[in-house]
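So the structure is just underneath, and the comments pick up after that.
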Amino acid sequence: MIFMENDRPSVSVGTPEKGKLINGKRLPTRGGNFKAYSFLGAALGRSATHHRVRDLILDNYRIVQMEFSGTYFVYGEIGWPKGGPFYPHRTHQNGLAVDFMVPVLNRDGKSVPIPTSIFNRFGYGLEFDRKGKSGDLTIDFDAMAAHLFYLLQKCPQYGIRIDRILFDPHLQSHLLDAPYGKKIKGRIRFNQRPAWVRHDDHYHVIFSISDKHLTTP
Ligand SMILES: [Zn+2]
23 MIFMENDRPS VSVGTPEKGK LINGKRLPTR GGNFKAYSFL GAALGRSATH
73 HRVRDLILDN YRIVQMEFSG TYFVYGEIGW PKGGPFYPHR THQNGLAVDF
123 MVPVLNRDGK SVPIPTSIFN RFGYGLEFDR KGKSGDLTID FDAMAAHLFY
173 LLQKCPQYGI RIDRILFDPH LQSHLLDAPY GKKIKGRIRF NQRPAWVRHD
223 DHYHVIFSIS DKHLTTP
């Protein structure tokens, strides 16, 4: 479906709560170390974002792979190519809110793509306890923190800022205690209270775009 897109730059209008996206761009359904939460969801066009956010996300996956070569990442829902209401989410309207599924380790401590199928609502139905465990799976907090750390590092180059991240408050301390977590502590604003929907299986990142954030690397 990506081949049907035009080359014109994206424009995000309004806010994630009430907005739209002009010339939205879809993320590829898979790459070396990542894939979409649902091939169908992505094929339907539920993974469209602003071109700068797309470029940032893809650049970031490449960088994280250098250090975390065996780690799988799965991204979740983003928004429609034209933005607007995005059932069942309350936000995700202007291409600047992106759900990333948590990276997970299996019983042997090996990274595996988080299981996403129609039976667990494409990963959104998984429930992790306060230590970040769900059955045989454990959240790979260090890989998640590294993913965020390198996003922070790369943001200025794309004129992007991370405004806020929604993630389960009980799990935030595990994230910030991980080796890479210490590097992002105090640099990212997290929700203090639980959000309206559980955020234990994914983290919802709200970006903002402005040429004021642009710096040359
Ligand atoms: Zn979300």
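Position one of the sequence shown corresponds to residue 23 (the numbering used here), numbered consecutively onward. For glycine and all other residues, C-beta sits at the position ideal for the given N, C-alpha and C. Here the structure is a predicted model, which means the values were calculated and not measured.
Ligand 1 heavy atom lying under 6 Å from the CB of aspartate 185: Not under cutoff, so the answer is no.
Helix, strand or coil at glycine 41 according to DSSP, with G and I counted as helix: Three-state DSSP puts glycine 41 in a strand.
Buried versus exposed call for tryptophan 102 [16 or more other C-beta atoms within 10 Å across all chains shown]: With 16 or more other Cβ atoms within 10 Å, it is buried.
Any non-hydrogen atom of ligand 1 within 6 Å of aspartate 121 CB: True, at least one ligand heavy atom lies under 6 Å from that Cβ.
Beta-carbon gap between asparagine 128 and leucine 43 smaller than 7 Å: Note that the C-beta distance between asparagine 128 and leucine 43 is not below 7 Å.
Under the three-state DSSP convention, the category lysine 207 falls into: Looking at lysine 207 - three-state DSSP - the assignment turns out to be coil, as it is neither helix nor strand.
Close-in-space but distant-in-sequence residues of the same chain around isoleucine 187 (CB under 8 Å, 5 per side omitted): Taken in chain order, the residues that qualify are Leu170, Ile210, Arg211, Phe212, Asn213, Tyr225, His226, Val227 and Ile228.
Enclosing alpha helix (DSSP H) for serine 195 [first to last residue]: Taken as a continuous stretch (DSSP letters only), the alpha helix (DSSP H) holding serine 195 covers 191–199.
Test item: CB-CB of phenylalanine 144 and alanine 200 under 7 Å: No, they are not a contact pair.
Inter-residue spacing [alpha-carbon to alpha-carbon] between aspartate 151 and valine 219: In a straight line, the C-alpha of aspartate 151 is about 15 Å away from that of valine 219.
DSSP bridge partner residues for phenylalanine 150 (one or two, in chain order): Bridge pairing for phenylalanine 150: absent [DSSP].
Buried or exposed by the 16-neighbour rule on C-beta atoms within 10 Å, applied to threonine 237: Counting Cβ neighbours within 10 Å, threonine 237 comes out exposed, since fewer than 16 surround it.
Proximity winner among Tyr202, Ile206 and Thr113, relative to alanine 217 (alpha-carbon distances): Out of Tyr202, Ile206 and Thr113, Thr113 has the C-alpha closest to the C-alpha of alanine 217.
CB contact flag (glycine 181, isoleucine 231, <7 Å): A distance below 7 Å separates the beta carbons of glycine 181 and isoleucine 231.
Histidine 226: CB within 6 Å of a non-hydrogen atom of ligand 1: Inclusion of histidine 226 in the 6 Å shell around ligand 1 follows from its C-beta lying nearer than that to a non-hydrogen atom of the ligand.
Arginine 52 in three-state terms, based on DSSP: Strand.
Test item: CB-CB of lysine 57 and valine 120 under 7 Å: No.
Alpha-carbon spacing of phenylalanine 108 relative to methionine 88, whole angstroms: Cα atoms of phenylalanine 108 and methionine 88: separation of roughly 34 Å, rounded to the nearest angstrom.
Under 7 Å between C-beta atoms of lysine 176 and leucine 80: Going by C-beta atoms, lysine 176 is not nearer than 7 Å to leucine 80.
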